[in-house]
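Participant:
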Amino acid sequence: MKRRQFLQTASLGAGGLLLSPVLRQVQAHANGDAPPLRFVLVLESNGRLPKFMQPSGIEWPEGQYHTRVPKLIDEPLTTENKLPKGLALLEPYKDRMTVIQGLSGKIANGGGHSANYGALGCCPGKAPDGTYSPLTQTIDAALGKALPAVFPQLVLGVAKDANLSMINNCSASGKNKPIPTICNAALAYSTVFGSVAEGAARQQFNSDRNLLDFMVDDIRRAESQLPGGEREKFQQHLNAFEALREQQSRLNEIESTLRKHAPVYSDKYKSPLPSDRLDAHFDLGAASLIGGLTNVLTIASGVGQDHMSVSFHGLGVDVAKHELGHGTKDKGREANDCLDIIRSYHAELIVRLIKRLEAVREGDGTMMDNTLIFFTSDAGNTHHPGFDQWPSLMIGDLGGRLKTRGRFLGYPRYGADGHRTMANLYLSFLHAVGDRRKAFGVPDPNLRDLDQTGPLAELI
Amino acid sequence: MRFNNYHDAKRGRGSRSSTGQRAASLALLVTVVLATAICSAAEPIGQLRAEDHRTVIAPFLKNHCIDCHGSDTQEAELRLDTLSTDLVGGPDFAIWAKVRTRLIAGEMPPKDEPRPDKKELARVTDWIAAGLIQAEKEPQRTSEPAPPSQGNRVDHDLLFGPHSAGIVTASPAREWRVSPHIYFKFLQDLDPDVSSYYGKPDYQLRGAIKRFVERYSQPFTAPATGFSDYSGTFTIDKPTAEVLIRNAKELAKSQSEWRVDKDGKPQIDRRTKLFTPRHRTGIPAEFLALMDTGVPPTPETMEAAIRKQFELVVLRQPNEEELSRFRSLMEKNIQDAGQVEGVRGALASIILLRETIFRSEIGKGVVDEHGRRMLGPRELAYAIAYALTDSRPDPDLVAAASEGRLGTRDDVRSQIERLLNDEEIEKLRILRFFQEYFGYTAAISAFKDDKTVREFQNSFGLKKDKFRYKPEVFVHDTNLLIQHILDADKNVFEELLTTNKAFVNFNPQQPERAFSTYAQQSGFEPAYNLTAWPGKNQPVTLPAGQRAGILTQPSWLIYYSFNDRTDPIHRGKWIRERLLGAAMPSVPLSVDATIPDDPEKTVRERLVGTQKEYCWSCHKKMNPLGLTLEMYDPFGRFRTEELGKPLDATGSIDFSGEEKLDGPVKNGVEMIKRLARSPRVRQVFVRHAFRYWMGRAETINDAPTLVAADRAYVESGGSMKALITSLLTSDSFLYRVRVKNKHLARARSN
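The listed protein sequences derive, respectively, from chains R and C. For the first sequence, numbering that gives the first Met the number 0 gives the first residue as 0, with consecutive numbering after it. For the second sequence, numbering that gives the first Met the number 0 gives the first residue as 0, with consecutive numbering after it.
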C-alpha cells in the first residue's frame, strides 16, 4: 500500500474528525494539499530607532524622522551586511530574512508610549472615548481566521505588573472585541495543555465538561425573562460559555496530540520574572504550533501604554523599560546597551523557536519553511513614537509565498510617491494566505493622495 | 496642505460624530422611547410647525449664517440652507442639534459679526429644541444607551429649563453586570480564607487579601478614566467566562477545605465526627459532610449542601426545580469526576449562576398607571446595596425584602437613610464617585522619571540619598480631604472646589505619625508649599490665594501633567466637560497632537501652535481654562515664576452658556471660585452624580429626576446625602420600562 493510500484509509477508519492535527497535516500533504501556513508575531515594547534594526553597509538615516529618503531602496542582504548588536543572534538566518524600514503607521498615534491595538490593527492608538479599546480587527485575528485551528490565535505575553493573569492590550477580533493576552504562563499552559497535564486532570476535565454543559443550559433558561434590549448581552454570555464548551470538546478529540506535544511543565512557568515567562511562552507557543493547535502565535512582550514598562531583572537589568527609554542608566550601563541586552534575549528566544520548527519535518522540508516570524515593536520608531516609520524584520517566506529571502527594503519618506504603510505589509500577509481584501485597518487621512490599499508589490 | 487635510479629516469625523451623536442622544432614550405612551404627559415646548421654518428660521439663517454656510461658501464643510426642515424624521437631526448648541453658547455667529436679536435667537433655539424633544421620542431613533463619554450631549438647558414639567420617567429594564469591586467583594465574603479574618487585626486581614489576589483573577476590566460602572458597557466574553469558571472552582474548593495531620490524613472533629474545617468560620458542615469519601453522599446530604450554597451565594433558597437540577448535576459529576471533585464542581456551578454576575433590574414590582413597573423587593434590595456599597444586601435589607417592607418609595428612603447614617457600614462607593469624577487617583500611574523627581526635590535642597517619590501619598491626602468634606456634608460640591484646607501625609489612625515616613523623609510637603510636615493637627489651612479645592491638590495636578511639564489642554478639557458640561470631540485623526519640546520656552509659549485657526476652534474651549492652573508646577507646587520669568496664569471662561460666568480671570483660583458659584456648574455636577448612580447617561426624560436632585441638594444646604437620597428615590431609579424588540431591530437596521 502506498503511503498516500494508507493515510487515506487510516483517516476513513479513524473518522476524519478524530485525526490529530498533525496527522491531518500529513494527510493533507499526501493529498497534494499545501501544508498549513503559520505566523509568529513578536512585539517588543519601546519603539526603536531605525539604527537598531539596520544592517551595516546599507545606508539609512539614523534618526527617528523619516524625511530624507526619496525612493525605494531594495538591496540584497549579504554576509557583508552585519545586523546590529541586539539582533546579532539572528545573523545565521539572514538568507531568509527581510529587514524593512520606512513603512509608516501614523494612524496608530495617540496611545502614548505604545500604539496599543494600532500596532497590529493599523488603527488609532487611543479610541475616541479616551480609552485604549480596539477599533478594528488586528492582523493576528485576521490571519487566525484564514488559518483555522483549535485556537484561532494564541496571544501570550508579559506585562509591567507580574500579577496580571490576562490583559487586553494588542489583539482584537473586531471593534471593542479584545482578545486577551495571557500573561500568566502557568495559566497559558493549563489553557492549552491542562487536560493532559497530570493524573487528576482527567477528573478535572470531566467536571469541567459537566459544568460547561450545565451552565449553557442554565443561561438559556434565563432568556425568557429578559427584556428585548438585554437579549444581546445575554446572547454574548451564552456564546462565551458555548465557545468554551466547543473548545473543550475539541481538546478532548485531540487528546493524544496534546499528550505528545505538551511541553515539560517546569519552574519557568511559575516564575514571576518576565524573562522566564517569555521563555515559557515561546516554549508553549512552539509546542502549540508543532501540535497544530494554533497557526498564529502572538508574543506581546510588554505591549500597551499601561503595560510597557517591564523590568527584566532576570537579565540583570533592573531599570524598567520605560525609564530605559528615557535614558536612565542601569548600574552605570547606558540605557541603549541595556535595551540591546533585552532585545538580544528576544532574538535568542526567536532562534530557539526557529530551531524547534526546523526540527519537525513537513512535506519536503521543515515546519519553518511554511512559517513567517515577524519581529517589531509596539511603538514604531522611538520611545515617544511618531510612527513615521516602523522598523521591523521578518524571517521565513511562507513556503515561497512571500519574497522575503535575504532582502533589505527601505520605503520612501512619509507622503512621497511609493511610500507605504504597515497596513500594506499586513495586507501582504493576508494575501499570502488567501485573504485578498483590499484595505486593512483605518486609512491615514494625511496620506489621502497615496493609494493605501493592496499588499507590498515587492513582497508578493 | 495640513489645513485641507484637517478639513478632510473633519468631514470624516463629522459624519462619525453625527452618527454617534444620534446614537447617543436618541439612544439614551431607550427610556423614553419605548415609552411614548408614558411621555404623552410631556408637552413639547412651542409647536413644531413647518411655517415657523419659513417665517422665523429661514430668515434668521439668511441674516446670520448663510454667508459662511450657504451655497457660495461652506466654512467647516457645513451648509445650512439645504438642511432638511423635517427635524423629527429628516436626516439632519444631528446637525440641527449642533447648530442649537453653538447658538446658545454664543460661539456662532462669530464674535466679530453682528449679534442676533435675543428674542429672535430664543425662538430659533426653541424651535430646534421642540424638534429635538419630539425626535427623541420617535421609536425608530432608539438604540443602545449612550456610552459614558457622551453623556454631555444632552442639552443642558433642555434638562434644567422650563421644558421638563410633566414628564414621567423610568429606566430601561436591564441586567447590569456587577462591577469589578462588587465581584471581588462577593468572592471575599464567601471565601472563608478571607471572611474568617473579618474583624481580626488589620495585618491578618491584609495577609488574607494578599493571598486572595494571588489565587483569584479579576475577570472584569474597568475603563481607566471616567465612570467605570455603566450598565450598558459590559458583557461576558469567552476569556471572561474562563476566568469566572476558574474563580468559582477555586472558591468551591476553599469553601470545603479540611485540616490534615502530619501524615496528610484528614483530621476528624471529635464532636461532629466530620473532617475538621480548615477555617473556624465559613466552611459549612453541609459541604464537609460530602468530602469524606468513606461516607457516600445521599440525596438528603446533597440537597442540604445545595440549599446551603444557594443561601450563601444568592441569599435565597432554591426552588424545587432548581434543587432537582443541581442535584442531578452533582450526582452525574460525582460519577464522572469522583466524589470530592464532583461535589465541588456542583458547588461551583451555583457560584456561576447568572444572577451572581448580573444584577437583575427587570421591574418585578407592581405596574403603575403609566405602564411602568417598579423594581421588585429583591431587585430593590440589591439595587440599594450596590448603590452605596460593594457588598450584597445586608440582613436588614434581605429581611425587609422578604417581609414585604420594601415595596414603596418611603420604604426605599428609610433603607437608604439607614445605610447612609450608619457609620459602621463602609460606603466606598460614594468616595469612588468623587475619585472617578475628579480622576485624581490615577496620579499613581502618572509618570515622573528619576531625573525630574530629583530636580524637584533638589530645588528645595534635599539630599540626593533621601530621594523617594510616592504619589500614592498625594492621592491618600485627597481621599482624606473629600471624606472630611463629606463628613461635614455642607455645601459639599462648593467646598470641594474652593476649600483651602488640606491633609498632608496624614494618618487618621495615628495622627502623631505621618502616613508615610518615607514620604516625610524624602521631602513631600513642598508640593503644598510647606517646609515641614505639619504634624497631627490636620487638616491644615493653606493660603487662600494659593489653593482652591481638589483641582489645586497635588494629586489632581500631577495626574493632569506630563513627566516634566504641566498639561493645560487636558486640564482645560476636564473643566470644560466635568464643570461646564460640554461635549468635546477627540483629537482629529490627522492632527499630530504633540507639543514641541523646548526647555527655553514656557508651556504657554509652547502651546502657541494650537492657536492656528483649525486647532483653535476646539482649543479655545480648553486652553484659556487650563492655562490658569499654570500657577502650579508639574508636582502641584504653587509658583509665581516659570523659567525665571514672572508667571502668567491668566485665562478666561468663554462659551459657558451662562452669561455671568464668562469673562477673563487672573488665575486658576479666581476661575475656580467663580465656577463654584455657578448654578449651571452645580447642575453639571448633579448630572454626573446621576450617571454614576443610575449606571447610564441621562436622557431628556430624566429632567424631572435631575431637577429634583438639584433642588434637594440646594434646599439641604449642599448635602451629598440629600442629593444621593433624591436620586435613589427617583422614578429613574425605582421604575423600569421594557424595550420592545422591534424598536431595537429598527434602530439597528438604520
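Note that beta-carbon positions come from the ideal geometry of N, C-alpha and C, so glycine has one too.
Between the segment 224-241 of chain C and chain R, which residues of the former have CB atoms less than 9 Å from a CB of the latter, in chain order?
Facilitator: The residues in question are T224, G225, G231, F233, T234, I235, D236, K237, P238, T239, A240 and E241.
Participant: Please list, in chain order, the residues of the segment 332-346 of chain C that have any C-beta partner in chain R closer than 7 Å.
Facilitator: Residues passing the 7 Å Cβ filter: N332, D335, A336, G337, E340, G341 and G344.
Participant: Could you say which of R:K81, R:T381 and R:T180 lies nearest to V41 of chain R if we only look at CA atoms?
Facilitator: Here the question's residue 41 of chain R lines up with position 42 in the first sequence. It is R:T180.
Participant: Residues bridged to T180 of chain R by DSSP?
Facilitator: Taking the first residue of the first sequence as 1, we reach residue 180 of chain R at position 181. In the DSSP output, where bridge partners are listed per residue, T180 of chain R has R:I166.
Participant: So N294 of chain R and R37 of chain R are in contact, right, with Cβ under 8 Å, and what is the actual spacing, rounded?
Facilitator: As a first step, residue 294 of chain R must be located in the first sequence, where it is residue number 295. As a first step, residue 37 of chain R must be located in the first sequence, where it is residue number 38. At roughly 5 Å, the Cβ-Cβ gap stays under 8 Å, so N294 of chain R and R37 of chain R are in contact.
Participant: List the residues of chain R that R353 of chain C touches, going by C-beta distances under 8 Å, in chain order.
Facilitator: Your numbering for residue 353 of chain C matches position 354 in the second sequence. Here the neighbours are D217, I218, A221 and H236.
Participant: Compute the Euclidean distance between the alpha carbons of S24 of chain C and E640 of chain C, then round it to the nearest angstrom.
Facilitator: The residue labelled residue 24 of chain C in the question sits at position 25 within the second sequence. The residue labelled residue 640 of chain C in the question sits at position 641 within the second sequence. Per-residue confidence for S24 of chain C stands at a pLDDT of 37, beneath the threshold of 50, marking its modelled position as unreliable; the derived number appears in the next sentence. The straight-line gap from Cα to Cα measures roughly 45 Å.
Participant: DSSP has V366 of chain C in a bridge; who is on the other side?
Facilitator: To locate residue 366 of chain C, count along the second sequence from 1; it is residue 367. According to DSSP, V366 of chain C bridges with C:R372.
Participant: Entirely within the segment 281-312 of chain R and at least 3 residues each: give me those beta strand (DSSP E) ranges in chain order.
Facilitator: For the segment 281-312 of chain R, whole beta strand (DSSP E) runs of length 3 or above, ordered along the chain, are 295-300.
Participant: Buried or exposed, going by whether 16 or more other CB atoms sit within 10 Å of the CB of Y766 of chain C?
Facilitator: As displayed, chain C neither begins before 0 nor continues past 749, which places residue 766 of chain C out of reach and without an answer.
Participant: Going by Cα to Cα distance, which pick from C:P633, C:Q203 and C:I235 is closest to A445 of chain C?
Facilitator: Counting from one through the second sequence, the residue named residue 445 of chain C turns up at place 446. A445 of chain C has its Cα closest to that of C:P633, out of C:P633, C:Q203 and C:I235.
Participant: Please classify E285 of chain C as buried or exposed, where buried requires at least 16 neighbouring CB atoms within 10 angstroms.
Facilitator: As a first step, residue 285 of chain C must be located in the second sequence, where it is residue number 286. Buried is the call here.
Participant: Look at the alpha carbon of A347 of chain C and the alpha carbon of A239 of chain R, and state the distance between them as a whole number of angstroms.
Facilitator: One-based indexing of the second sequence puts residue 347 of chain C at position 348. One-based indexing of the first sequence puts residue 239 of chain R at position 240. Cα to Cα, the separation comes out at about 17 Å.
Participant: Can you tell me whether T78 of chain R is buried or exposed? The criterion is at least 16 other CB atoms within 10 Å of its CB, across all chains shown.
Facilitator: On the first sequence, residue 78 of chain R is found 79 positions in, with the first residue counted as 1. T78 of chain R should be labelled exposed.
Participant: With DSSP as the reference, identify every bridge partner of F274 of chain C, one or two as the case may be.
Facilitator: Within the second sequence, numbered from 1, the residue matching residue 274 of chain C stands at position 275. Answer is C:I267, bridged to F274 of chain C.
Participant: Between N562 of chain C and chain R, is there a C-beta pair that is closer than 9 Å?
Facilitator: The residue labelled residue 562 of chain C in the question sits at position 563 within the second sequence. Chain R, which has a Cβ nearer than 9 Å to the Cβ of N562 of chain C, makes this yes.
Participant: So, does the CB of S55 of chain R fall closer than 9 Å to a CB anywhere in chain C?
Facilitator: As a working note, residue 55 of chain R is residue 56 in the first sequence. No, its Cβ sits nowhere closer than 9 Å to a Cβ of chain C.
Participant: Give every residue of the same chain whose Cβ lies closer than 7 Å to the Cβ of F226 of chain C, excluding the five residues on either side of it in the sequence, and list them in chain order.
Facilitator: Here residue 226 of chain C corresponds to residue number 227 of the second sequence, with the count starting at 1. Result list for F226 of chain C: P147, E435, R690 and Y691, in chain order.
Participant: Take the Cβ of N108 of chain R as the centre, count every other Cβ of all protein chains shown within 10 Å, and call the residue buried at 16 or more, exposed below.
Facilitator: Here the question's residue 108 of chain R lines up with position 109 in the first sequence. Buried: at least 16 other Cβ atoms inside 10 Å.
Participant: Of all the options R:G56, R:L288, R:L142 and R:D73, which has the alpha carbon lying nearest to the alpha carbon of D434 of chain R?
Facilitator: Locating residue 434 of chain R in the first sequence gives position 435, counting from the first residue. Ranking R:G56, R:L288, R:L142 and R:D73 by Cα distance to D434 of chain R puts R:L142 first.
Participant: Is there a C-beta anywhere in chain B that falls below 9 Å from the one on G385 of chain R?
Facilitator: In the displayed structure, chain B is absent; the protein chains listed are R and C.
Participant: Pull up the CB-CB distance for A140 of chain R and A171 of chain R, whole angstroms please, since I reckon it's below 8 Å.
Facilitator: As a working mapping, residue 140 of chain R is identified with position 141 in the first sequence. As a working mapping, residue 171 of chain R is identified with position 172 in the first sequence. Between A171 of chain R and A140 of chain R the Cβ distance is about 6 Å, and since that is below 8 Å, they are a contact.
Participant: Closest to M165 of chain R by C-alpha separation, out of C:R205, C:R245 and C:K644, would be which residue?
Facilitator: Walking along the first sequence from the start, residue 165 of chain R turns up at place 166. For the residues C:R205, C:R245 and C:K644, the minimum Cα distance to M165 of chain R belongs to C:R245.
Participant: For my contact list, V441 of chain R and P123 of chain R are in at a C-beta cut-off of 8 Å; report their separation, rounded to the angstrom.
Facilitator: Translated into the one-based positions of the first sequence, residue 441 of chain R becomes position 442. Translated into the one-based positions of the first sequence, residue 123 of chain R becomes position 124. About 7 Å separates the two Cβ atoms, so the contact holds.
Participant: Please check if any C-beta of chain C sits within less than 9 Å of the C-beta of F38 of chain R.
Facilitator: Working through the first sequence from its first residue, we reach residue 38 of chain R at position 39. So, not an interface residue.
Participant: At least one CB of chain R closer than 9 Å to the CB of E435 of chain C: is that the case?
Facilitator: As a working mapping, residue 435 of chain C is identified with position 436 in the second sequence. So, not an interface residue.
Participant: Can you list, in chain order, the residues of its chain with a C-beta nearer than 7 Å to that of N622 of chain C? Leave out the 5 residues immediately preceding and following it.
Facilitator: Translated into positions along the second sequence, residue 622 of chain C becomes position 623. P567, I568, G571, L606 and T609.
Participant: Closer than 7 Å between beta carbons: that is the criterion. Which residues of the segment 167-183 of chain R meet it against chain C?
Facilitator: Taking 7 Å as the Cβ-Cβ cut-off against chain C, the residues of the segment 167-183 of chain R that qualify are N167 and P179.
Participant: Between the segment 509-516 of chain C and the segment 480-500 of chain C, do at least 3 Cβ pairs fall closer than 8 Å?
Facilitator: No, because fewer than three Cβ pairs between the segment 509-516 of chain C and the segment 480-500 of chain C fall closer than 8 Å, the two stretches do not touch.
Participant: Do the segment 292-306 of chain R and the segment 330-339 of chain R meet, that is, are 3 or more Cβ pairs less than 8 Å apart?
Facilitator: No: the two stretches stay apart, fewer than three of their Cβ pairs being nearer than 8 Å.
Participant: Using 8 Å as the cut-off, can you tell me whether the segment 482-491 of chain C makes contact with the segment 713-731 of chain C, which would need three or more C-beta pairs spanning the two stretches below that distance?
Facilitator: In short, these stretches touch, since the Cβ pair count reaches three.
Participant: Secondary structure at H687 of chain C, three-state DSSP: helix, strand or coil?
Facilitator: As a first step, residue 687 of chain C must be located in the second sequence, where it is residue number 688. Here H687 of chain C sits in helix by DSSP.
Participant: Using beta carbons (cut-off 9 Å, strictly below), is H312 of chain R in contact with chain C?
Facilitator: Residue numbering aside, residue 312 of chain R sits at position 313 when the first sequence is read from its first letter. Not closer than 9 Å to any Cβ of chain C, the Cβ of H312 of chain R fails to qualify, so no.
Participant: Within 9 Å of any Cβ in chain C, is that where the Cβ of T66 of chain R sits?
Facilitator: Counting from one through the first sequence, the residue named residue 66 of chain R turns up at place 67. So, not an interface residue.
Participant: Would you say S731 of chain C faces chain R, with C-beta separation under 9 Å as the test?
Facilitator: What you label residue 731 of chain C is simply residue 732 of the second sequence in a count that begins at 1. No, S731 of chain C lies away from the interface with chain R (no Cβ there is under 9 Å from its Cβ).
Participant: Expressed to the nearest angstrom, what Euclidean distance is found between the alpha-carbon atoms of I289 of chain R and V350 of chain R?
Facilitator: Locating residue 289 of chain R in the first sequence gives position 290, counting from the first residue. Locating residue 350 of chain R in the first sequence gives position 351, counting from the first residue. I289 of chain R and V350 of chain R: Cα-Cα distance of roughly 16 Å.
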